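Peer 1: Reading the sequence shown from the start, the letters are residues 0 to 243 in numbering that gives the first Met the number 0.
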Amino acid sequence: MNYLLKNIRQLIDTDDPVHPGKKRLRLQGKNLTKVPIELSHLTDLEILVMSPEREACLFYRLSEIPIWIDKLVNLQVLHLDTNSLSYLPREIGSLINLEELSLSNNLLNSLPLEFENLGKLRSLHLANNQFNTFPEPILYLREMRFLDVSSNQLTSLPSDIQTLGNLEALLINDNQLSSIPFEIGMLRRLRILWIGNNAIKALPTSLNGLKHLNWSMVNCPSSTLDGNPLLSPPINVSISSCGI
């Protein structure tokens with residue numbers, strides 16, 4: 000066995016508190032400046048964390064994802080947040096067992112078309128990137144439960160967002176949205192909707208049909224709505240959710 004590969008295998012643990020028992024590898028610091036190709040042989044890996052987890056490690060960041068990432072076919076969790084990624088290789092679409100993907104705090108402004116192949120993805124973090132349009136491949140990810148696209152430059156949401164019928168949490172705060180599509184009311188399982196710090200003047204009446212939606216996450220008026228020039232929120236937002 001390659002000496003470097005042997006050393007990398009020794010870093011694998013099964014101590015992830017959220018996913019106990021799954022094979023996890025964490026790379027940070029100088030290991031992030033050039034990810035060794037030997038990593039592509041770890042085809043049994045289930046969790047891969049390549050993020051500078053400590054402030055002291057922020058000097059070392061990934062500038063690109065190696066195209067051999069597609070060899071890690073058993074990955075279920077991939078954390079790549081707080082790097083310097085400006086694009087994703089299309090090979091990422093081969094990770095068909097991926098359930099959780101964190102890409103927050105990067106430089107992304109688009110997703111490859113192959114991203115739509117991640118049919119098992121349930122949790123996607125894209126906060127604090129450079130998206131000015133909603134990434135269309137996301138609309139094909141029907142198992143999605145949690146989606147965070149906050150702190151980007153989005154100016155609109157597609158009406159096709161209704162295709163994400165299993166979505167339970169949608170974070171779109173801190174963008175440049177002036178409206179919310181009526182079709183968002185078709186997301187019947189939605190429990191959390193953060194829309195604060197946008198330019199929204201009115202909310203669609205279809206939100207009244209979302210019986211599980213909880214606006215009162217903090218003290219009323221909810222921080223999920225703050226920072227918008229709202230003129231007339233739906234009645235169940237302005238009254239029921241504030242405990243009036």
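In this text, a Cβ means the ideal position worked out from N, Cα and C, and glycines have one as well.
All of these numbers come straight from a predicted model, not from anything done at the bench.
1) Mind checking whether LEU31 and ILE64 have CB atoms under 8 angstroms apart?
2) Am I right that ASN196 and ASN172 are in contact with their C-beta atoms under 8 angstroms? What's the rounded C-beta distance?
3) For HIS211, which of helix, strand or coil comes out of DSSP?
4) Given GLU99, which residues of its chain have a CB within under 6 angstroms of its CB, disregarding the five upstream and five downstream residues?
5) In angstroms, rounded to a whole number, what distance separates the CA positions of LEU156 and ILE7?
6) Against chain B, does ASN128 count as a neighbour if the rule is that its beta carbon must be under 8 angstroms from one of theirs?
7) State the DSSP-derived secondary structure class of SER122, mapped to helix, strand or coil.
8) In whole angstroms, what is the alpha-carbon distance linking LYS33 and ILE160?
9) Inspect the CB distances between the region 111-130 and the region 141-152 and report whether three or more fall short of 8 angstroms.
10) Assuming HIS244 contacts SER50 (C-beta within less than 8 angstroms), just tell me the rounded distance between them.
11) Of the choices LEU140, GLY28, LEU71, whose alpha-carbon is the least far from that of LYS22?
12) Taking Cβ to Cβ, would you say ASN207 is nearer than 8 angstroms to ARG188?
13) Taking just the CA atoms, how far does PRO35 sit from LYS210?
14) Decide if THR81 is buried, meaning its Cβ has at least 16 other Cβ atoms within 10 Å, or exposed.
15) By the 10 Å Cβ neighbour count, where 16 or more other Cβ atoms means buried, how is LEU120 classified, buried or exposed?
16) What's the C-alpha gap between LEU110 and PRO136?
17) Return the residue from the list ILE183, LEU192, ALA198 that minimises the CA-CA distance to THR204.
18) Does DSSP put MET143 in a helix, a strand or coil?
19) Buried or exposed: where does SER158 fall if 16 or more other Cβ atoms within 10 Å of its Cβ makes it buried?
20) Hey, out of LYS29, ILE46, LYS5, whose CA is closest to ASP15's CA?
21) Return the chain-ordered list of same chain residues with a C-beta closer than 8 angstroms to the C-beta of THR13, the five sequence neighbours on each side being excluded.
22) Confirm, please, whether the CB-CB distance from LEU125 to SER103 is below 8 angstroms.
23) Excluding sequence positions up to five away, which residues of its chain have a Cβ less than 7 angstroms from the Cβ of PRO134?
Peer 2: Let me spell this out:
1) With contacts defined by Cβ atoms closer than 8 angstroms, LEU31 and ILE64 do not form a contacting pair.
2) The C-beta distance from ASN196 to ASN172 rounds to 5 angstroms, short enough to meet the 8 angstroms contact threshold.
3) DSSP, read as helix, strand or coil, puts HIS211 in coil.
4) Taken in chain order, the residues that qualify are VAL76, SER122.
5) Roughly 42 angstroms between the two C-alpha positions.
6) No chain B appears in this structure, which consists of one protein chain only.
7) The answer is strand: DSSP assigns SER122 an E or B state.
8) Across the structure, LYS33 and ILE160 are spaced so that their CA atoms are roughly 37 angstroms apart.
9) Yes, since at least three Cβ pairs between the region 111-130 and the region 141-152 fall closer than 8 angstroms, the two stretches touch.
10) It is not possible to answer for residue 244, since the shown part of the chain is limited to 0 through 243.
11) Nearest C-alpha to LYS22: LEU71.
12) Going by C-beta atoms, ASN207 is not nearer than 8 angstroms to ARG188.
13) A direct Cα-Cα distance of roughly 49 angstroms separates LYS210 from PRO35.
14) Taking every protein chain shown into account, the CB of THR81 has 16 or more other CB atoms within 10 angstroms, so this residue is buried.
15) Classification of LEU120: buried, given that the 10 Å Cβ count is 16 or more.
16) Rounded to whole angstroms, LEU110 to PRO136 spans 7 angstroms at the Cα level.
17) Ranking ILE183, LEU192, ALA198 by Cα distance to THR204 puts ILE183 first.
18) Coil at MET143, not helix or strand.
19) Around the beta carbon of SER158, a 10 Å sphere encloses fewer than 16 other beta carbons of the protein chains shown; the residue is thus reported as exposed.
20) It is ILE46 whose Cα lies nearest to the Cα of ASP15.
21) Only PRO19, GLY20, LYS21, LYS22, ARG23 meet the Cβ criterion.
22) With respect to LEU125, SER103 sits close: the two C-beta atoms are nearer than 8 angstroms.
23) Once the five neighbours on either side are set aside, the close Cβ partners of PRO134 are SER109, LEU110.
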